[in-house]
Amino acid sequence: MSNMPQDELSAIALFNDIGRNEVTARFDMLSATAQVRFDESYRIHGTMPVGFTALNFMTADEQKQRHQLLLAIQLCTDPQAEAHDRIKARRAEMKRKNHVVTTG
1 MSNMPQDELS AIALFNDIGR NEVTARFDML SATAQVRFDE SYRIHGTMPV
51 GFTALNFMTA DEQKQRHQLL LAIQLCTDPQ AEAHDRIKAR RAEMKRKNHV
101 VTTG
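For what it's worth, this note's numbering labels the leading residue of the sequence shown as 1, then goes sequentially.
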């Protein structure tokens, strides 16, 4: 792991320190805050420059935090494998229900 860039090592450490739920909550909060600013600017001005997104309404510190949190999510989770595991579990459960013998 020592060959990894420092920001990736920091992101992994952050994920391990505070956990998946907190990383996700912080990421979602930053995104929601930026979206509120975007919406408010649009409400006030009635227009938005082409290509602007909520990310344009984050401070430099918020952008840095977002980058760190996003790295943590991307490096420490595998949504595709997790979805596959959930599908396998559902299929196994359905199979168990189909093989239940009822006595009466």
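All C-beta atoms, glycine included, are put in the ideal place defined by N, C-alpha and C. All values derive from a computational prediction rather than experimental measurement.
Extent of the continuous alpha helix (DSSP H) to which residue i belongs
i, result
"M94", "P79 to N98"
"T47", "No alpha helix (DSSP H) contains T47, which DSSP labels as neither H nor E."
"A72", "A60 to C76"
Presumed contact (8 Å Cβ cut-off) between residue i and residue j, rounded CB distance
i, j, result
"F27", "L69", "4 Å"
"C76", "I18", "Their Cβ separation, rounded to whole angstroms, is 11 Å, which puts C76 and I18 out of contact at 8 Å."
Local Cβ density within 10 Å of residue i, reported as buried at 16 or more and exposed below that
i, result
"V175", "Nothing about residue 175 can be read from this structure; the chain reaches only from 1 to 104."
"V23", "buried"
"A72", "buried"
"A34", "buried"
"F15", "buried"
"A25", "exposed"
"M29", "exposed"
"M4", "exposed"
"M58", "buried"
DSSP state of residue i mapped onto helix, strand, coil
i, result
"M4", "coil"
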